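In order, the protein sequences belong to chains A and G.
Read left to right, the first sequence gives residues 1 to 201 (this note's numbering).
Read left to right, the second sequence gives residues 202 to 402 (this note's numbering).
For each residue, glycine too, the CB sits at the ideal point set by N, CA and C.
Quantities reported herein were computed from a predicted structural model and do not represent experimental measurements.
Number of protein chains: 2
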Amino acid sequence: MPDLTTVPARKGKAAILASSQKLRLVNTYGQQVVDTWAFNRADMAEFMSTEHSHAALLKILPTTGDTMVSNRRRPILTFLEDTSGGIHDTLIAACDARRYEMLGVAGHHDSCADNLRAALAELGLAPPEIPAPLNMFMNIPVGAGGSVSFEPSIAGPGSHVTLRAEMDLVVVFSACPQDIVPINGADCTPKDVHFEIFGSP
Amino acid sequence: MPDLTTVPARKGKAAILASSQKLRLVNTYGQQVVDTWAFNRADMAEFMSTEHSHAALLKILPTTGDTMVSNRRRPILTFLEDTSGGIHDTLIAACDARRYEMLGVAGHHDSCADNLRAALAELGLAPPEIPAPLNMFMNIPVGAGGSVSFEPSIAGPGSHVTLRAEMDLVVVFSACPQDIVPINGADCTPKDVHFEIFGSP
Chain A
1 MPDLTTVPAR KGKAAILASS QKLRLVNTYG QQVVDTWAFN RADMAEFMST EHSHAALLKI
61 LPTTGDTMVS NRRRPILTFL EDTSGGIHDT LIAACDARRY EMLGVAGHHD SCADNLRAAL
121 AELGLAPPEI PAPLNMFMNI PVGAGGSVSF EPSIAGPGSH VTLRAEMDLV VVFSACPQDI
181 VPINGADCTP KDVHFEIFGS P
Chain G
202 MPDLTTVPAR KGKAAILASS QKLRLVNTYG QQVVDTWAFN RADMAEFMST EHSHAALLKI
262 LPTTGDTMVS NRRRPILTFL EDTSGGIHDT LIAACDARRY EMLGVAGHHD SCADNLRAAL
322 AELGLAPPEI PAPLNMFMNI PVGAGGSVSF EPSIAGPGSH VTLRAEMDLV VVFSACPQDI
382 VPINGADCTP KDVHFEIFGS P
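Written out as structure tokens, the structure reads:
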């Protein structure tokens, strides 16, 4: 079993994944939302797209067996396994500095948008834009009449998703620093998550 | 009453809207989906964002009284009136050449993504990216378990939405050329729609 890489609470981490390699993302302590992006390593203008995936999958809740597609409608990331309960969000923008300002935070607050930029910068890369993320483990139920609400994640400690790269990828995870709205559990305390890459390219 | 501008079936049209001006978009013959974008005229890198609006509105079905926000979480476009039944889509990507290729179309097919580019080009402008559109009048119900389906629009002939610009805008409409999936009615025949701009800046 390969070593686990830590995505520190409130921070982001990027990883290179060759086509057909697999990645296991573990919700180590439970209920931690992980904003997730995937970019074509050869051309970062192609990336995982929630709005294109909705049309491809005919669903807004991807889980085991589902393949997310890119903004060019090509397969990009497949859910091979999901022990988290299958509740992930594909509707809500990544949090950013402005989001926390509007929630009343004064001064700096980490955000998933900043984490995306910082994690890619560690590899000498920059995002072409801030794509709508696949918010892994995030619980945003859609009610009658189209209402949405921000609810605590249902992902248990140690639950995980296993993903397969459908092309050479740069994947970015952000352990969401949201500590005001209780998406990361009622204690509003972001926590580390971990991942491992395995399988031959 | 000002003159009506035509958005020809299968094509796009851009319009300049000063802050606080209003626009009435009429579904002239009924059931026609109109992909809609709004860009900050002073900086087109700011544009209407469905994923940011979901978080701001706490709903996926905007209608009378709701203000869409930009990717910088600022008010951008408000629904002042909606006589169409209030069913608009904020989940599905604009159709593009690849979408029609995957639906079995050989050769050229108009698309909303191409219409966005062409309509802006008429004004000497180019989109910074293809944002997820506000698909006006598009009927994409979300079922139990998060399923989505492509259903005929419920917007009646002559029904309309009235929108107010919350900043100086370039707005783009595309009378969606979809003629395979029955979103534009069971006859799968895209039709003209019309709009008028009114009110002082």
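Residues near residue i by beta carbon distance below 7 Å, same chain, minus five either side
| i | result |
| --- | --- |
| F150 (chain A) | I140, V181, I183 |
| T207 (chain G) | D393, H395 |
| N316 (chain G) | K212, G213, S375 |
| P118 (chain A) | Correcting the residue type first, residue 118 (chain A) is Ala in the shown sequence and not Pro. Cβ within range, chain order: G12. |
| A165 (chain A) | L17, A18, S19, S20, Q21, L77 |
| P75 (chain A) | T67, V69, E166 |
| F409 (chain G) | Not covered by the structure: residue 409 (chain G). The range shown for chain G is 202 to 402. |
| E81 (chain A) | T64, V161, T162 |
Counterpart residues of residue i in DSSP-defined beta bridges
| i | result |
| --- | --- |
| V208 (chain G) | G:V394 |
| L134 (chain A) | A:T36 |
| S375 (chain G) | G:G213, G:D236 |
| M303 (chain G) | M303 (chain G) pairs with nothing; no bridge assigned. |
| L25 (chain A) | A:V161, A:F195 |
| M269 (chain G) | G:L278 |
| V382 (chain G) | In DSSP, V382 (chain G) forms no bridge with anything. |
| L218 (chain G) | G:L370 |
| M48 (chain A) | A:S70 |
| S348 (chain G) | A:K59 |
| D82 (chain A) | A:V161 |
With 16 other Cβ atoms within 10 Å as the buried cut-off, status of residue i
| i | result |
| --- | --- |
| I217 (chain G) | exposed |
| T251 (chain G) | buried |
| S271 (chain G) | buried |
| L226 (chain G) | buried |
| T408 (chain G) | In the structure as shown, chain G begins at 202 and stops at 402. Residue 408 (chain G) is therefore absent and cannot be evaluated. |
| F198 (chain A) | exposed |
| C296 (chain G) | buried |
| C389 (chain G) | exposed |
| S348 (chain G) | exposed |
| L23 (chain A) | buried |
| S354 (chain G) | buried |
| D204 (chain G) | exposed |
| A14 (chain A) | buried |
| T36 (chain A) | buried |
| E101 (chain A) | exposed |
| V306 (chain G) | exposed |
| S312 (chain G) | buried |
| L57 (chain A) | buried |
| H109 (chain A) | buried |
| H321 (chain G) | His is not the amino acid found at residue 321 (chain G); the sequence shown has Leu there. Buried, because 16 or more other Cβ atoms sit within 10 Å of the Cβ of L321 (chain G). |
| L304 (chain G) | exposed |
Residues of its chain near residue i, where Cβ-Cβ distance is below 8 Å and the 5 sequence neighbours each way are ignored
| i | result |
| --- | --- |
| P391 (chain G) | A210, R211, Q233, A376, C377, P378, Q379, D380, N385 |
| T90 (chain A) | T50, S53, H54, I60, L61, P62, A132, L134, N135 |
| A356 (chain G) | N228, G231, Q232, Q233, S285, G286, I288, F338 |
| S401 (chain G) | S221, Q222 |
| A387 (chain G) | P353 |
| G346 (chain G) | none |
Coarse secondary structure for residue i, derived from DSSP in three states
| i | result |
| --- | --- |
| S254 (chain G) | helix |
| R73 (chain A) | coil |
| L317 (chain G) | helix |
| A215 (chain A) | The structure shown does not extend to residue 215 (chain A), since chain A is modelled only from 1 through 201, so no value can be given for it. |
| A366 (chain G) | strand |
| M1 (chain A) | Note that M1 (chain A) scores a pLDDT of 46, beneath 50, so its modelled location is shaky; the value from the coordinates is reported in the next line. In the structure shown, M1 (chain A) sits in coil (DSSP, three-state: anything other than H, G, I, E or B). |
Integer-rounded CB distance, given that residue j should sit under 8 Å from residue i
| i | j | result |
| --- | --- | --- |
| M245 (chain G) | P329 (chain G) | 5 Å |
| A38 (chain A) | V171 (chain A) | 5 Å |
| A314 (chain G) | I293 (chain G) | Contact flag wrong, Cβ pair sits at about 12 Å. |
| R73 (chain A) | R300 (chain G) | 7 Å |
Cβ neighbours of residue i in the same chain (closer than 6 Å, five flanking residues each side left out)
| i | result |
| --- | --- |
| S159 (chain A) | N27, T83, S84 |
| V142 (chain A) | V148 |
| R242 (chain G) | D369, L370, V371 |
| P358 (chain G) | Y230, G231 |
| A97 (chain A) | S111 |
| L123 (chain A) | A14 |
| L326 (chain G) | none |
Using Cβ-Cβ distances below 7 Å, what residues of the region 253 to 272 of chain G are close to chain D?
No chain D is part of this structure, whose protein chains are labelled A and G.
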